[in-house]
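Single-structure report; data block below.
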Amino acid sequence: MKKSQRLKIIREIISSGKFSSQQDIQLELEKKGVDVTQSTVSRDLASLNLIKVRDSDRQEYYAVKSSYMSDPQFGIQRIKSKFKESLLSYDRASNIIVIKTNPGEAEGVAAIIDGANFVEILGTVAGDDTIICIAKNNEKAEKLIKLFNTF
Numbered sequence: 150m151k152k153s154q155r156l157k158i159i160r161e162i163i164s165s166g167k168f169s170s171q172q173d174i175q176l177e178l179e180k181k182g183v184d185v186t187q188s189t190v191s192r193d194l195a196s197l198n199l200i201k202v203r204d205s206d207r208q209e210y211y212a213v214k215s216s217y218m219s220d221p222q223f224g225i226q227r228i229k230s231k232f233k234e235s236l237l238s239y240d241r242a243s244n245i246i247v248i249k250t251n252p253g254e255a256e257g258v259a260a261i262i263d264g265a266n267f268v269e270i271l272g273t274v275a276g277d278d279t280i281i282c283i284a285k286n287n288e289k290a291e292k293l294i295k296l297f298n299t300f
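Under the numbering used here, residues 150 to 300 are what the sequence shown spells out, in order.
Dropping the structure here:
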């Protein structure tokens with residue numbers, strides 16, 4: 150199997166559930182007929198720029214951090230899923246959007262927002278349960294709020 154095919158399968162695995170260890174991912178790959186070593190899984194996870202994030206129960210799991218430019222639909226699906234799972238509220242003040250999440254989940258949500266490469270966003274800063282999202286201007290912030298409302 151080509152590496153690109155394996156990476157695609159790993160992305161599908163990561164987006165289908167919460168996997169907290171490389172061994173869990175390796176076992177899931179084996180279920181799909183992909184026999185790899187733990188070191189191969191480790192290298193694949195690094196090449197996909199996956200990060201570990203925490204859910205509201207403080208359980209860590211792998212999530213996608215990288216740019217979704219090559220697969221924008223995957224990015225939007227991931228944002229919708231993460232918003233439904235983690236988002237408590239959001240509000241806007243001028244060009245700044247403050248996003249509240251479950252404790253321990255702000256970094257993961259911010260990573261997914263960053264990975265979506267919204268042209269409207271200058272950057273995000275995440276704490277434990279709060280994200281500051283800075284839009285280019287007030288109009289761009291309003292556009293983002295309207296988009297977030299669809300999630």
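By construction, the Cβ of each residue, glycine as well, lies at the ideal position given by its N, Cα and C atoms.
The alpha helix (DSSP H) enclosing residue i, as first and last residue numbers
| i | result |
| --- | --- |
| Ser188 | Gln187 to Ser196 |
| Arg241 | From DSSP, Arg241 is part of no alpha helix (DSSP H) but of the beta strand (DSSP E) over Leu236 to Ala242. |
| Val258 | Ala255 to Gly264 |
| Arg160 | Lys152 to Ser165 |
| Asn298 | Asn287 to Thr299 |
| Lys180 | Gln171 to Lys180 |
Inter-residue CB distance, residue i and residue j (contact presumed, cutoff 8 Å)
| i | j | result |
| --- | --- | --- |
| Leu296 | Lys285 | Actually they do not touch by this definition, with Cβ atoms about 14 Å apart. |
| Gly257 | Ala212 | 5 Å |
| Val185 | Leu178 | 6 Å |
| Leu96 | Leu199 | It is not possible to answer for residue 96, since the shown part of the chain is limited to 150 through 300. |
| Gln208 | Ser169 | 6 Å |
| Tyr210 | Lys181 | That belief does not hold up - the Cβ atoms of Tyr210 and Lys181 are roughly 19 Å apart, past 8 Å. |
| Ile294 | Arg241 | 5 Å |
Cut-off 7 Å between Cβ atoms - residues of its own chain near residue i, not counting five sequence neighbours on either side
| i | result |
| --- | --- |
| Ala255 | Ala275, Gly276, Asp277, Asp278, Thr279 and Ile280 |
| Leu237 | Lys249, Thr250 and Asn251 |
| Lys292 | Glu269 |
Neighbourhood of residue i by C-beta, 6 Å cutoff - its chain only, sequence neighbours within 5 removed
| i | result |
| --- | --- |
| Lys143 | Outside the displayed span of the chain (150 to 300) sits residue 143, for which this structure offers no information. |
| Asn298 | none |
| Ile262 | Thr273 |
Neighbourhood of residue i by C-beta distance below 8 Å, restricted to the same chain and skipping five residues each side
| i | result |
| --- | --- |
| Ser243 | Asn287 and Ala290 |
| Lys233 | Phe300 |
| Asp187 | According to the sequence provided, residue 187 is Gln. The question's Asp does not apply to it. Only Gln171, Gln172 and Gln175 meet the Cβ criterion. |
| Val183 | Met150, Arg155 and Ile158 |
Where the beta strand (DSSP E) through residue i begins and ends
| i | result |
| --- | --- |
| Lys249 | Ile245 to Thr250 |
| Val274 | Ile270 to Ala275 |
Status (buried if at least 16 other CB within 10 Å, exposed otherwise) for residue i
| i | result |
| --- | --- |
| Arg192 | exposed |
| Lys152 | exposed |
| Ile245 | exposed |
| Val190 | buried |
Any chain B beta carbon closer than 7 Å to residue i
| i | result |
| --- | --- |
| Leu156 | The chain labelled as chain B is not found in the depicted structure, where only one protein chain is given. |
Worksheet item: Looking at C-beta atoms only, is the number of pairs between the region 244–253 and the region 275–294 that lie closer than 8 Å three or more?
Response: yes
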